[in-house]
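Quick note: to get the numbering used here, add 3 to the position in the first sequence (first position is 1).
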Amino acid sequence: MKDLLRQRLQAALQECYATGTLASGAAPEVQLEVPGNPDHGDFATNLAMMLAKPERKAPRQVAEALVTALGDGGGLWRRLEIAGPGFINFTLAPLAWFGTLDEILRRDAVFGSATTGAGRKVQVEFVSANPTGPLHIGHGRGAAVGDTLCRLLAATGWDVTREFYYNDAGAQIANLALSVQARCLGIEPGDERWPADGYQGEYIRDVARSYLAGETVDAGDQHVTAAADPHDLDAIRRFAVAYLRREQDQDLQAFDVRFDVYSLESALYTDGKVEDVVRRLIASGHTFEADNALWLRTTGFGDDKDRVMRKADGSYTYFVPDVAYHLDKWQRGFSRVINEQGADHHSTITRVRAGLQALDVGIPKGWPDYVLHQMVTVLRGGEEVKISKRAGSYVTLRDLIEEVGRDATRFFFLMRRSDAQLVFDIDLAKQQGNENPVFYVQYAHARVCSINRNAAEQGVPLPAAGEAELAALTLDEEVALTRLLARYPEVVAGAAESLEPHRLAFYLQELAAAFHSYYNRQRVLVDDPAVTRARLLLVNAVRIVLRNALGLLGMAAPERM
RNA sequence: GCGCGGUUAGCUCAGAUGGAUAGAGCGUUGGCCUCCGGAGCCAAAGGUCACAGGUUCGAAUCCUGUACCGCGCGCCA
Numbered sequence: 004m005k006d007l008l009r010q011r012l013q014a015a016l017q018e019c020y021a022t023g024t025l026a027s028g029a030a031p032e033v034q035l036e037v038p039g040n041p042d043h044g045d046f047a048t049n050l051a052m053m054l055a056k057p058e059r060k061a062p063r064q065v066a067e068a069l070v071t072a073l074g075d076g077g078g079l080w081r082r083l084e085i086a087g088p089g090f091i092n093f094t095l096a097p098l099a100w101f102g103t104l105d106e107i108l109r110r111d112a113v114f115g116s117a118t119t120g121a122g123r124k125v126q127v128e129f130v131s132a133n134p135t136g137p138l139h140i141g142h143g144r145g146a147a148v149g150d151t152l153c154r155l156l157a158a159t160g161w162d163v164t165r166e167f168y169y170n171d172a173g174a175q176i177a178n179l180a181l182s183v184q185a186r187c188l189g190i191e192p193g194d195e196r197w198p199a200d201g202y203q204g205e206y207i208r209d210v211a212r213s214y215l216a217g218e219t220v221d222a223g224d225q226h227v228t229a230a231a232d233p234h235d236l237d238a239i240r241r242f243a244v245a246y247l248r249r250e251q252d253q254d255l256q257a258f259d260v261r262f263d264v265y266s267l268e269s270a271l272y273t274d275g276k277v278e279d280v281v282r283r284l285i286a287s288g289h290t291f292e293a294d295n296a297l298w299l300r301t302t303g304f305g306d307d308k309d310r311v312m313r314k315a316d317g318s319y320t321y322f323v324p325d326v327a328y329h330l331d332k333w334q335r336g337f338s339r340v341i342n343e344q345g346a347d348h349h350s351t352i353t354r355v356r357a358g359l360q361a362l363d364v365g366i367p368k369g370w371p372d373y374v375l376h377q378m379v380t381v382l383r384g385g386e387e388v389k390i391s392k393r394a395g396s397y398v399t400l401r402d403l404i405e406e407v408g409r410d411a412t413r414f415f416f417l418m419r420r421s422d423a424q425l426v427f428d429i430d431l432a433k434q435q436g437n438e439n440p441v442f443y444v445q446y447a448h449a450r451v452c453s454i455n456r457n458a459a460e461q462g463v464p465l466p467a468a469g470e471a472e473l474a475a476l477t478l479d480e481e482v483a484l485t486r487l488l489a490r491y492p493e494v495v496a497g498a499a500e501s502l503e504p505h506r507l508a509f510y511l512q513e514l515a516a517a518f519h520s521y522y523n524r525q526r527v528l529v530d531d532p533a534v535t536r537a538r539l540l541l542v543n544a545v546r547i548v549l550r551n552a553l554g555l556l557g558m559a560a561p562e563r564m
């Protein structure tokens, strides 16, 4: 619809130049918007105002010329007016809207999807929690945002690879092994033999118990049987990592989040990719030695200080494998990569990008893209629940899903822009009333399904789409509802392009509200069969869009509740 | 101190890439069930868009500065 109007405006502009009514030859991008105020029609353009300067005429004068050239639009609109400082407002003929409904009903499950991605490859890395404990609520936000980003990109034609990176090497893992070992030996937190900065959570006790019992853990491609020897630190480490990977996999499964590729930091070492990157960086001349350490001159790439690559003890700092990992992504052919991560890891961005630039292999400056999510605070009973992994007191993702349900959890995480902090009110998420937007939206879908059931009982089948059937939709609110439905593809495209999944959540609430309002005011199943059929088609178009949008958020569209 | 994010109604937050009279939910107040599911609907009240400048036909939106909140600033990840 928008594209059609845009074409008409382009044509009108060209005609003005051809007839000499306008002279500048300027060709600004034609912007069309849906005005907030319905009095301003269905669409509005600021084209005349943009042309005012190059034309050196008053905006309204330019608008006059354009409106004359637009003519009657061949019945596409029923009103065309110049308003305010020089807007041109279009009010479409009701008939023009029926095409949209027809399209929704015909395209059904794929309505809203697009081909803008043209099958190009994009890789999205998200969650990427260290295997040192269960997933907490912050990972949950990352999982919800990342997963919906993937769904949005796939819906707009991208070939998406979902990837999870396990930091299963390094100091934190060593720390994990020590913590489990301490538990194996019956050492409690607080004991003077307890490792400094050890993980104190109860789950460490579970890992220790399982290890001592000689259990076997299957996680991804890892199958580890516990050696049960509390003095074999290396065996403990392998077992603990596998154990916690399995836990995290189960958490993600409960959240309905899946990955195509799991990458292990440890593999970057065993495959020699870390050494390779170090050699390349040294060869490119961006490193230096100082204080018994090897440094990367990241200040040459916008960092505020240089960073150590190889510590005095000979091991590497975390960002070296990170750079190796991203070089690997690049070499796998991902010219577009999006990393979704918590804002507390923000400082890695400059470092990783700097390392990649220093490699001199033609990686673009701003590569990869990042989507950061801000911190989550949890509210229970109006009180903030403190999160501390090392102290072991925090809300796990699995607890949350069990308590409030998968759908509500996902929706709450996606109700906010990811770069704004989020307050997760557990009590609200659990409520089954109108205070809770999750139920409000899903209920709208269930309601349409209920109407369909009643229609079927009354022997009224859902008619085939077609403009003839839709002509019985004459009410303003029916046009308004259709207008909202017609906006859906743009919402999807906008959310995908700007990497802002929350837009879907807001759109869903708006659509549900419009539907509930319509439902309350008008009956669908009425005496007049023509009206009944038309309204059935309308509410089923609503059902389709609700279901598609819920699907993109990874939520169910229940037929009854 | 430096970097990033935030600041919009009593509360929680949108604001579609610069548009017309700044919106929603919750909460508050007052209405609507002989009616396809009241898990719903309608209405009212509620604003110095943190502050000060700037850019232009036009700014919550872009730029500069200030204030406050969060996060980061390690040879941890």
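The C-beta atom is built at its ideal place from N, Cα and C for all residues, glycine as well.
Here the structure is a predicted model, which means the values were calculated and not measured.
Assess, as a yes-or-no matter, whether the segment 476-493 is touched by the segment 135-143 under the definition of 3 or more beta carbon pairs within less than 8 Å. They do not touch, by the three-pair rule.
Need the endpoints of the alpha helix (DSSP H) that residue 333 sits in, please. Taken as a continuous stretch (DSSP letters only), the alpha helix (DSSP H) holding residue 333 covers 322-334.
Check the DSSP bridge columns for residue 94 and list the partner residues they point to. Bridge pairing for residue 94: 82 [DSSP].
Residues that DSSP places opposite residue 375 in a beta bridge: DSSP output for residue 375 lists 344 as bridge partner(s).
Count the CB pairs spanning the segment 118-129 and the segment 58-78 that are closer than 8 Å, and state whether there are at least three. no
Beta strand (DSSP E) segments (min. 3 residues) lying fully within the segment 446-482: none
Reference residue 356, options 418, 461, 310 and 379, closest by Cα: With respect to the C-alpha of residue 356, the residue from 418, 461, 310 and 379 having the closest C-alpha is 310.
At 4 residues or longer, what runs of the alpha helix (DSSP H) sit wholly inside the segment 196-238? 205-215
Just mark residue 52 as buried or exposed, buried being the case when its beta carbon has 16 or more other beta carbons within 10 Å. buried
Member of 202, 192 and 190 whose CA lies at the smallest distance from the CA of residue 179: 202
For residue 6, which option in 19, 48 and 472 has the closest C-alpha, if you only look at C-alpha atoms? 48
Beta bridge counterpart(s) of residue 388 as assigned by DSSP: 381
For the segment 509-524 against the segment 157-170, do three or more pairs of beta-carbon atoms, one drawn from each stretch, fall closer than 8 Å, so that the two count as touching? no
Among 329, 232 and 290, nearest to residue 266 - alpha-carbon criterion: It is 329 whose Cα lies nearest to the Cα of residue 266.
Grab me the residues of residue 445's own chain with a C-beta within less than 8 Å of its C-beta, minus the 5 sequence neighbours each way, in chain order. 410, 553, 558, 559, 560, 561 and 564
Have a look at 422, 20 and 109 and flag the residue whose alpha-carbon is nearest the alpha-carbon of residue 345. 422
By DSSP, does residue 46 sit in helix, in strand, or in coil? strand
How do the segment 250-257 and the segment 398-410 stand: do at least 3 beta-carbon pairs fall below 8 Å, yes or no? Yes: at least three Cβ pairs fall under 8 Å.
For residue 1, I'd like the list of residues in its chain whose CB is within less than 7 Å of its CB, leaving aside the five on either flank, ordered along the chain. Shown here, the chain extends from 4 to 564; a query on residue 1 therefore has no answer.
Which of helix, strand or coil DSSP assigns to residue 529: Here residue 529 sits in coil by DSSP.
Residue 89, buried or exposed, once every other Cβ within 10 Å from all chains shown has been counted against 16: buried
At the level of alpha carbons, what is the spacing between residue 285 and residue 380? Residue 285 and residue 380 have their C-alpha atoms some 43 Å from each other.
Can you give me the start and stop residues for the alpha helix (DSSP H) that residue 269 sits inside? Under the DSSP assignment, residue 269 falls in the alpha helix (DSSP H) whose first and last residues are 268-273.
Taking the straight line between their C-alpha atoms, what separation do you get for residue 434 and residue 44? 39 Å
Count the other CB atoms within 10 Å of the CB of residue 394; is the residue buried (16 or more) or exposed (fewer)? Residue placement at residue 394 is flagged as unreliable, the pLDDT there being 48, under the threshold of 50; a coordinate-derived value is accordingly withheld.
Is it right to say residue 569 is buried, meaning 16 or more other beta carbons lie within 10 angstroms of its own, or is it exposed? What the structure shows of the chain is the stretch from 4 to 564, and residue 569 is not part of that stretch, so it cannot be assessed.
Can you give the beta carbon distance from residue 245 to residue 222, rounded, assuming they're within the 8 Å contact cut? Sure, about 5 Å apart at Cβ, within 8 Å.
Just confirm the distance between the C-beta atoms of residue 541 and residue 414, as a whole number of angstroms; I'd bet it's less than 8 Å. Actually they do not touch by this definition, with Cβ atoms about 25 Å apart.
Could you tell me which of 293, 305 and 303 sits nearest to residue 312, measuring between CA atoms? 293
Counting pairs of Cβ atoms below 8 Å between the segment 441-459 and the segment 534-549, do you hit three or more? Between the segment 441-459 and the segment 534-549 there are three or more C-beta pairs closer than 8 Å, enough to call the two in contact.
Quick one: give me the first and last residue of the alpha helix (DSSP H) that residue 67 is part of. Where residue 67 is concerned, the enclosing alpha helix (DSSP H) starts and stops at 62-73.
Proximal residues to residue 277 (C-beta, below 7 Å), its chain only, five neighbours per side dropped: For residue 277, where only same-chain residues beyond five positions count, the Cβ hits under 7 Å are 271, 319, 323, 324 and 327.
Measuring alpha carbon to alpha carbon, tell me which residue in 314, 353 and 465 is nearest residue 291. 314
Inter-residue Cα distance where the pair is residue 392 and residue 382: Summary for residue 392: the model assigns pLDDT 49, below 50, so the residue's position carries little reliability; its value from the coordinates is reported in the next sentence. Those two C-alpha atoms are separated by around 17 Å.
Going by DSSP, which residues form a beta bridge with residue 519? Beta-bridge partners assigned by DSSP to residue 519: none are found.
Smallest Cα separation from residue 168: which of 480, 378, 342 and 497? 342
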